[in-house]
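Line order of the protein sequences matches chains A and B.
So the numbering used here is basically just the index in the first sequence, starting at one, shifted up by 165.
So the numbering used here is basically just the index in the second sequence, starting at one, shifted up by 50.
Here the structure is laid out as structure tokens; the discussion comes afterwards.
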Amino acid sequence: MTSDTNPRQASRRAFLKGTIAAGGTLAGASMARAGDPLITEVQPWAQGFGDPVDATPYGLPIRFEEDVVRRNVPWLTADPISSINFTPIHALDGTITPQGCAFERHHSGAIELAKPDYRLMINGMVDQPLVFSYEDLERFPRENHVYFLECAANTGMEWAGAQLNGAQFTHGMIHNMEYTGVPLRTLLEESGYDTSAKWIYVEGADASSNGRSIPMDKALDDVLVAFKANGEALRMEHGYPVRLVVPGWEGNMWIKWLRRIEVTDQPVESREETSKYTDVLADGTARKFTWVMDAKSVVTSPSPQAPITHGAGPLVITGMAWSGHGRITRVDVSKDGGMTWETARLAREGDNKALTRFYLDTTWNGEEMFLQSRAIDETGYVQPTKAQLREVRGLNSVYHNNCIQTWWVKPTGEAENVEVS
Amino acid sequence: MSKFPENFFAVVLVVMIAAPALAGPYGLGRAAEPDEIAAWNLDVSPDGTGLPDGSGSVADGEQIFSDNCAACHGEFAEGLGNWPKLAGGDGTLANADPVKTVGSYWPYLSTTWDYVHRSMPFGNAQSLSTDDVYAITAYILYSNFLVEDDFVLSRENFTSVEMPNADGFIPDDRPETEYAIWRDAPCMEACKDKVEITMQATVLDVTPEETSDKTAQTPSPAPEDQPVEASFDPDLAAAGEKVFRKCAACHQVGSDAQNRVGPQLNGIVGRAVGAAEGFSYSDAMAKAGGHWDAERLAAFLADPKGVVAGTKMAFPGLRKEADILALTEYLKSTAP
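Written out as structure tokens, the structure is:
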């Protein structure tokens, strides 16, 4: 080893010296040997100490992963206080999204609400209006479930054409976490809800008062009042200390900083269920109460932010699929823009209303590809093309764009978001 | 609601005594007090359920809107920049770019009243009186040509106002129009003859830069002739830029900065107090005098109303000392 302080430079220099010297006479214990100096030379990390325990009491990803972060598209919204950013899905694998890079959507900023200050009220058509503290919630029997959350506007910028060049930006308004919480049904029963009531209205504690009406059938089915995600407390930006989990339904309904549940006989028709999150059709009429997120998939690698860098030979094509109607049963991948398809391998059997990871283990010989994926869920629904969607809905729906995505992979391995005939 | 901490122990006591009396299967939680329900149960439905007594005129609404809403939504509710347009857009819903405003799109007036009442103004929610909300709602109707200039909106006449697009919505019909169709066994071979690129994202070129450019993120240092503190910490200023997001809803900095809800803040450290040209300051701020140095600014940021009683700034102040230091450092870097 030289005394150079930069190990990478040191090894490169040593490697060059070694190459030159390889034909000559070599002697001494420190002589350079042929081969990769990362192997043939003792590296600093193999010699000295690493960090002690407690160097970071709560760890973050190693600095080499600093590009795997949420990103914002500044021109989308007037102000980052009421805005959205995107999960770096191009750089993730498996199915669980770490909270720290799971996309955020706030309407009035992410608030700091401490557990001692937390109150959850149930009022309206109930025998006894109740107020729960955070501690109260932890005393009800609780459950664990993995669910995806997708913003209804995910891929919304792509309605009129290929626009944003990256899976993170076209499909990154999604995350998938394991939630721990109390079934909403349990809390409604605790309040003695009126069984003739058809709706609940749920709202958050932040200044936006984001509120949504949810049919009672759904509320009693699988909605959770959650306080943990991926085993730890919800992050502030995901609604600490308590958020609503509305499996398979659009993310706007998953009220963060949940503070009130009102049992009602009619929908409130709040701003978020009339002026927003309604889908304008070609003739100007709009669909409302479009809650379910239909089956959808996307290839996450290769993709514009994850080009092929390794040249010809074995290639893993991977992506994720999900459906608000239940389990993903099959994903097909096309390399030629939809002329022919092959069925991908699911990493595990699909879970109910949760992300499924798929792989196509294939060979690439440097040819141009038009990569697409197509999800099929347990109801038999087949993810539509953009043309199919436009035929029914026109170009102005904004929300619920679950079209088949195309990445144009070039002979260089670079990829671009395109639309194809 | 900050009134709870004072009552915390009393409430705990009540809970401990009252808990067994509740009828629920687990006996958890406590009874909600009527005043508590009244404080939170504010939502208003299309049939007027939830509307409190009160009224407000278009004329009053015009002034209140100008003071509280126009900085983002424009004097005529036309929407500035990317902020929501509240007026106009009639007959555009079937166009290539529909303009979805209160007048052209929103099906129920209750939604406007409810949203303004609970969520506006942006950054100062729930600060408007009931009558102010009636007046603002009346003015938004007026700016959409839905009422005359002498109109007064009240609880009594509220449900008589008809919204133009009330019948413009249908319940989710995907089960019939989509699910029934997109269910065929998908094609696997020879699904089409050829594939051609019809659109490319890179041609549009609206994707944000991928890698973070550290130099671009660091604010430009204070110009040398600026009569402020000699020391400047770029890392601290970078942290302050993040804190500034809390301010950015009302204040702008940079070469295009303009007065919005609050004055533009270019060169605020070292600037005379109440000196942004064209900004309508409160009397208190206009008469405060002197200059903003780092110390005075930090005190103001910690407790705006305590330092300048009567300031228009609704922001309650920064709680964390570190945020104040960082923000002050960032503001030093904004060129006058």
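For glycine and all other residues, C-beta sits at the position ideal for the given N, C-alpha and C.
Residue burial classification, residue i (beta-carbon count within 10 angstroms, cutoff 16)
i: residue 384 of chain A; result: buried
i: residue 259 of chain A; result: exposed
i: residue 577 of chain A; result: exposed
i: residue 219 of chain A; result: exposed
i: residue 386 of chain B; result: exposed
i: residue 233 of chain B; result: exposed
i: residue 225 of chain A; result: exposed
i: residue 291 of chain B; result: buried
i: residue 208 of chain B; result: buried
i: residue 240 of chain A; result: exposed
i: residue 378 of chain B; result: buried
i: residue 308 of chain B; result: exposed
Residue-chain proximity (residue i, chain A), Cβ-Cβ < 9 Å
i: residue 250 of chain B; result: yes
i: residue 227 of chain B; result: yes
i: residue 182 of chain B; result: no
i: residue 102 of chain B; result: no
i: residue 196 of chain B; result: no
i: residue 113 of chain B; result: no
i: residue 214 of chain B; result: no
i: residue 237 of chain B; result: yes
i: residue 127 of chain B; result: no
Distance between beta carbons of residue j and residue i, contact taken as under 8 Å
i: residue 552 of chain A; j: residue 461 of chain A; result: Not quite, the Cβ-Cβ distance comes to about 16 Å (not below 8 Å), so this is no contact.
i: residue 459 of chain A; j: residue 567 of chain A; result: 5 Å
i: residue 154 of chain B; j: residue 131 of chain B; result: Not really, about 19 Å apart at Cβ, beyond 8 Å.
i: residue 335 of chain A; j: residue 343 of chain A; result: Wrong, their Cβ atoms sit about 26 Å apart, outside the cutoff.
i: residue 305 of chain B; j: residue 433 of chain A; result: Actually they are not in contact, since the Cβ atoms of residue 305 of chain B and residue 433 of chain A sit about 44 Å apart, beyond 8 Å.
i: residue 414 of chain A; j: residue 456 of chain A; result: 4 Å
i: residue 105 of chain B; j: residue 204 of chain B; result: 3 Å
i: residue 593 of chain A; j: residue 570 of chain A; result: In this structure chain A extends from 166 to 586, so residue 593 of chain A is not present and cannot be described.
i: residue 381 of chain B; j: residue 286 of chain B; result: With 8 Å as the limit, residue 381 of chain B and residue 286 of chain B do not qualify as a contact, their Cβ atoms being about 11 Å apart.
i: residue 394 of chain A; j: residue 208 of chain A; result: Between residue 208 of chain A and residue 394 of chain A the Cβ distance is about 38 Å, and since that is not below 8 Å, they are no contact.
C-beta neighbour in chain B for residue i, strict 9 Å
i: residue 318 of chain A; result: no
i: residue 497 of chain A; result: yes
i: residue 299 of chain A; result: no
i: residue 452 of chain A; result: yes
i: residue 525 of chain A; result: no
i: residue 407 of chain A; result: no
i: residue 566 of chain A; result: no
i: residue 584 of chain A; result: yes
i: residue 469 of chain A; result: yes
i: residue 360 of chain A; result: no
i: residue 307 of chain A; result: no
Euclidean distance between Cα positions of residue i and residue j
i: residue 465 of chain A; j: residue 165 of chain B; result: 38 Å
i: residue 251 of chain B; j: residue 187 of chain B; result: 41 Å
i: residue 447 of chain A; j: residue 417 of chain A; result: 24 Å
i: residue 109 of chain B; j: residue 428 of chain A; result: 38 Å
i: residue 362 of chain A; j: residue 377 of chain A; result: 16 Å
i: residue 114 of chain B; j: residue 229 of chain B; result: 48 Å
i: residue 376 of chain B; j: residue 476 of chain A; result: 47 Å
i: residue 498 of chain A; j: residue 559 of chain A; result: 26 Å
i: residue 203 of chain A; j: residue 436 of chain A; result: 59 Å
i: residue 516 of chain A; j: residue 152 of chain B; result: 41 Å
i: residue 391 of chain B; j: residue 302 of chain B; result: One cannot answer for residue 391 of chain B here, as it falls past the ends of chain B, which runs 51 to 386.
i: residue 330 of chain B; j: residue 383 of chain B; result: 25 Å
i: residue 242 of chain A; j: residue 585 of chain A; result: 29 Å
i: residue 549 of chain A; j: residue 555 of chain A; result: 10 Å
i: residue 221 of chain A; j: residue 411 of chain A; result: 34 Å
i: residue 228 of chain A; j: residue 300 of chain A; result: 37 Å
i: residue 472 of chain A; j: residue 237 of chain A; result: 21 Å
i: residue 537 of chain A; j: residue 483 of chain A; result: 11 Å
i: residue 346 of chain A; j: residue 307 of chain A; result: 5 Å
Short CB-CB distance (under 9 Å) between residue i and chain E
i: residue 92 of chain B; result: Here chain E cannot be found, since the structure's protein chains are A and B.
Closer than 8 Å: residue i CB and nearest the ligand ZN heavy atom
i: residue 230 of chain A; result: The ligand ZN is absent from the structure shown, which contains no ligands of any kind.
Q: Say whether the segment 277-293 of chain A touches the segment 404-413 of chain A, bearing in mind that this needs 3 or more beta-carbon pairs closer than 8 Å, one atom from each stretch.
A: yes
* Asked: Below 8 Å, can you find three or more Cβ-Cβ pairs linking the segment 389-396 of chain A to the segment 360-377 of chain A?
  -> no
Is it a yes or a no for the segment 487-499 of chain A touching the segment 439-455 of chain A, going by three-plus beta-carbon pairs under 8 Å? no
Task: Contact between the segment 93-109 of chain B and the segment 325-332 of chain A (3+ Cβ pairs under 8 Å) - done: no
ask   = Is there contact between the segment 157-173 of chain B and the segment 210-225 of chain B, where contact requires at least three CB pairs shorter than 8 Å?
value = yes
Taking three-plus beta-carbon pairs below 8 Å as touching, is the segment 351-359 of chain A in contact with the segment 310-321 of chain A?
no
### Task
Kindly confirm or deny that the segment 293-313 of chain A and the segment 71-87 of chain B touch, where touching means at least three C-beta pairs closer than 8 Å.
yes
Is the segment 238-253 of chain A touching the segment 141-150 of chain B, taking contact as three or more C-beta pairs under 8 Å? no
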